[in-house]
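S.K.: Going from the sequence shown to my numbering is simple: count from 1 and add 9.
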Amino acid sequence: MENMKKELLTRFTRYVKTWTTSNQENADNGIIPSEEREADFAKTLAQELKEIGLTDVHISDNSYVCGRLPASKGYEKAPAIGLLAHMDTVAEVSGKDVKPNVIENYDGKKLSIGNGIILDPEKDEELAEAKGQTIITTDGSTLLGADDKAGISAIMTAIAKIVSDESIKHGTIEIIFSPDEETGHGMDFVPTDWLTAKQCYTLDGGKEAELEVECFNAYKSEISFTGISMHTGTARPGMVNAISMAAAFLSMLPHNESPETTDGYQGFYAPMDISGHIENSKVTLYLRDFSTEGMQKRLDTVAALAKAVEYKFPGGKTQVAHTKQYLNMKEELDKNPAVVEKLIKATELAGAKPTFNPIRGGTDGSRLSEMGIPTPNVFTGGHNFHSRSEWASLDQMMTAVKTVIELVKLWAEDK
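Next comes the structure, spelled out in structure tokens:
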């Protein structure tokens, strides 16, 4: 077990040093992968799968790494399962030149990791709970990339163990490492024609034993404002300032329903981008809600507020475009209870007590579930994602590895 832990740490620190930040604009324009560096990482991962011993490995045209491990002899009729993780990291914080710092037997005290960033266990309960564990931090200048290279590391380490240990019996195991999850396009070109598994698991979660079986319904709303440009010296009364229209719209959004004022099962309106000039301006919003009814109300509210801006600025025009991003996975998982039941049992067999929290976001599993392939999300031991204060626990990552192995065994029992 100790050798496997060392292999896991080696993989993880190597992966996070690989720059794989994705590009939202490119992805929104249908360019997948959105950056060539994701394609380069895909080649590395495909080669590693081959070195582990998988013979059925390929990279799709859109840089999805696909690897299949055939069933153990006598287990060919066991249900196939899929394991997924994503290769890219978020663009909001730099993912270039990551310098992981490994701290063995963490003493439970404050950590000054660099760049003025202090990790304080008194303010971070999950960090306090990691006392005595091996944790990996950044140097404060970048994110770490545990989201989702901890997931990739756990899958790789588990598969290497399964291949090398003939006592671990298994059905067919299919692995997909995807690009552009962080841009919301991770499943746009997922090779479902290659995938035979009727149930999958994403390893893209957080603290140890936390299992995620429900998530937001998610829409993106783009509100365009058209004004009337005139010289500012002679603007009265004809000018209509599209920038002012956009500002007025944003001021109407309920502040107590923003990301920074909500938690748990509360939804929100999240302004993500504002751009433009006097004649044309644009606001991009993310809408999130756990219920279908709640989401419809949010869509209707955005349309009503845009119309109100037109009344406030005579002569100005607004246009609203809504784009569905993903839906709550819970409905599909409720139809297939064994998928979650086996995950719960596998986590327990790995020595941890499962906990459940709704995902205040989405995963590739959200999209796959929407496509009819139930896909809950599994913890990886990563914490404080999308920030320079991101850290990961090697011990918790190892529990994820054990959970995958136990999950594989449980599905093999259905032969």
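Positions of the beta carbon are idealized from the N, C-alpha and C atoms, including for glycine. The structure presented is a predicted model; accordingly, all values stated were derived computationally and were not measured.
For K411 and G371, which I take to be in contact (beta-carbon distance under 8 Å), what is that distance rounded to the nearest angstrom?
M.R.: Within the sequence shown, numbered from 1, the residue matching residue 411 stands at position 402. Within the sequence shown, numbered from 1, the residue matching residue 371 stands at position 362. 26 Å between Cβ atoms; not a contact.
S.K.: Look at the alpha carbon of P363 and the alpha carbon of D213, and state the distance between them as a whole number of angstroms.
M.R.: For this step, residue 363 is matched to residue 354 along the sequence shown. For this step, residue 213 is matched to residue 204 along the sequence shown. Each residue's Cα considered, the two are about 16 Å apart.
S.K.: Can you confirm whether the stretch 121 to 131 touches the stretch 153 to 170 when touching is taken to mean that 3 or more C-beta pairs between the two stretches lie within less than 8 Å?
M.R.: These segments do not touch.
S.K.: What does the alpha-carbon distance come out to for the pair E266 and D298?
M.R.: Along the sequence shown, one-based indexing puts residue 266 at 257. Along the sequence shown, one-based indexing puts residue 298 at 289. About 11 Å.
S.K.: Can you check the stretch 77 to 141 for any beta strand (DSSP E) of at least 3 residues that lies completely inside it and give the ranges in chain order?
M.R.: With a minimum length of 3 residues, the continuous beta strand (DSSP E) runs that stay inside the stretch 77 to 141 are 90 to 95, 110 to 112, 120 to 123 and 126 to 128.
S.K.: Of the residues K14, D373 and H392, which one's Cα is nearest the Cα of T166?
M.R.: Here residue 166 refers to the residue found at position 157 when the sequence shown is read from its first residue. Of the listed residues, the one whose Cα sits closest to T166 is K14.
S.K.: Measure the C-alpha to C-alpha separation of Y278 and K306 and round it to an integer number of angstroms.
M.R.: Taking the first residue of the sequence shown as 1, we reach residue 278 at position 269. Taking the first residue of the sequence shown as 1, we reach residue 306 at position 297. For Y278 and K306, the distance between alpha carbons rounds to 11 Å.
S.K.: With DSSP as the reference, please indicate the residues paired to E45 in a beta bridge.
M.R.: Translated into positions along the sequence shown, residue 45 becomes position 36. DSSP output for E45 lists no bridge partner at all.
S.K.: Who are the Cβ neighbours of Y84 in its own chain at under 8 Å, not counting the five residues just before and after it?
M.R.: Within the sequence shown, the letter at position 75 stands for residue 84. Excluding residues within five positions, the ones whose Cβ falls inside 8 Å are K178, H179, G180, A421 and K424.
S.K.: Return the CA-CA distance between N393 and V249, expressed in angstroms with no decimal places.
M.R.: Taking the sequence shown and counting its residues from 1, the one referred to as residue 393 is at position 384. Taking the sequence shown and counting its residues from 1, the one referred to as residue 249 is at position 240. Going by the C-alpha atoms only, they are around 43 Å apart.
S.K.: Do you know how far the Cα of R46 is from the Cα of L93?
M.R.: Numbered from 1 along the sequence shown, position 84 holds the residue referred to as residue 93. Numbered from 1 along the sequence shown, position 37 holds the residue referred to as residue 46. So the alpha carbons of these two residues sit roughly 19 Å apart.
S.K.: Does the distance from the CB of M295 to the CB of I185 come in under 7 Å?
M.R.: As a working mapping, residue 295 is identified with position 286 in the sequence shown. As a working mapping, residue 185 is identified with position 176 in the sequence shown. It should be noted that the sequence gives Tyr, not Met, for residue 295. No. Outside cutoff.
S.K.: Spatial neighbours of L314 within its chain, please: CB distance less than 8 Å, with the 5 preceding and 5 following residues excluded, ordered by chain position.
M.R.: Taking the sequence shown and counting its residues from 1, the one referred to as residue 314 is at position 305. Closer than 8 Å at Cβ, skipping near neighbours: F258, M261 and L262.
S.K.: Would the beta-carbon of V172 fall within 7 Å of that of I68?
M.R.: Locating residue 172 in the sequence shown gives position 163, where the first residue counts as 1. Locating residue 68 in the sequence shown gives position 59, where the first residue counts as 1. Contact: no.
S.K.: Reducing DSSP to helix, strand and coil, say where R297 ends up.
M.R.: Taking the first residue of the sequence shown as 1, we reach residue 297 at position 288. In this structure, R297 counts as strand in the three-state DSSP scheme.
S.K.: I'd like the list of long-range same chain contacts for V349, defined as Cβ closer than 7 Å, with 5 residues on each side in sequence excluded.
M.R.: Taking the sequence shown and counting its residues from 1, the one referred to as residue 349 is at position 340. V222, L342 and P385.
S.K.: Going by DSSP, which residues form a beta bridge with T211?
M.R.: As a working mapping, residue 211 is identified with position 202 in the sequence shown. Per DSSP, L93 and N386.
S.K.: Where do the ends of the beta strand (DSSP E) carrying S285 lie?
M.R.: Within the sequence shown, numbered from 1, the residue matching residue 285 stands at position 276. In the sequence under discussion, the amino acid at residue 285 is Gly, which differs from the Ser named in the question. Where G285 is concerned, the enclosing beta strand (DSSP E) stretches over F277 to G285.
S.K.: In the structure shown, what three-state DSSP assignment does W400 receive?
M.R.: Residue numbering aside, residue 400 sits at position 391 when the sequence shown is read from its first letter. Here W400 sits in strand by DSSP.
S.K.: Can you name, in chain order, every residue of its own chain whose Cβ lies under 8 Å from the Cβ of K344, other than the five neighbours on each side?
M.R.: Within the sequence shown, the letter at position 335 stands for residue 344. Within the same chain, K344 has close Cβ partners P383.
S.K.: Candidates I90, D116, K216 and Y115: which alpha carbon is nearest K351's?
M.R.: One-based indexing of the sequence shown puts residue 351 at position 342. Nearest of I90, D116, K216 and Y115 to K351, Cα basis: I90.
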